[in-house]
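Data first, discussion second: the structure below is written as structure tokens.
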Amino acid sequence: MPGEVRVKGVRGHSMGDTYEAVVTLVYKGVEHAVKVSRLCSLPERAEAEVEDGKVVIRLYAVGEEPLASCIIDVGHLEKGCLDCRCLMLPPREEKAGEC
């Protein structure tokens, strides 16, 4: 559904030899902060869309060069369990955070 998810902002910082980005997503009106680690450069912008029940986040470096992408099952955003070990698979019903 168009407009279901959007990127509010992206910021990055150095982690020594690599970089980490924090992408602020708005999914169904609720803000979520998603960390993306081990990047080879700082992202300039990000975009997101929902595809087949997954949120696909794409990060771009300077000059629109693709940098990284990540996939999050929408169930994690709906349950608020972004600390689960695997965000790509649907969350388990039993315990949040132990997916």
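Counting from 283, one number per residue, gives the positions in the sequence shown under this note's numbering. Cβ coordinates follow ideal geometry from the N, Cα and C atoms, glycine included.
Check	Outcome
Contact check, V332 vs E375, beta carbons under 8 Å	no
Check whether K317 and E329 have beta carbons under 8 Å apart	no
Beta-carbon proximity check, L425 vs V337, cutoff 8 Å	Outside the displayed range of the chain (283 to 381) lies residue 425, so it cannot be described from this structure.
Beta-bridge pairing of S296 - partner residues as DSSP gives them	Y301
Pairwise C-alpha distance: P372 and G357	6 Å
Rounded separation between V344 and T300 - CA only	16 Å
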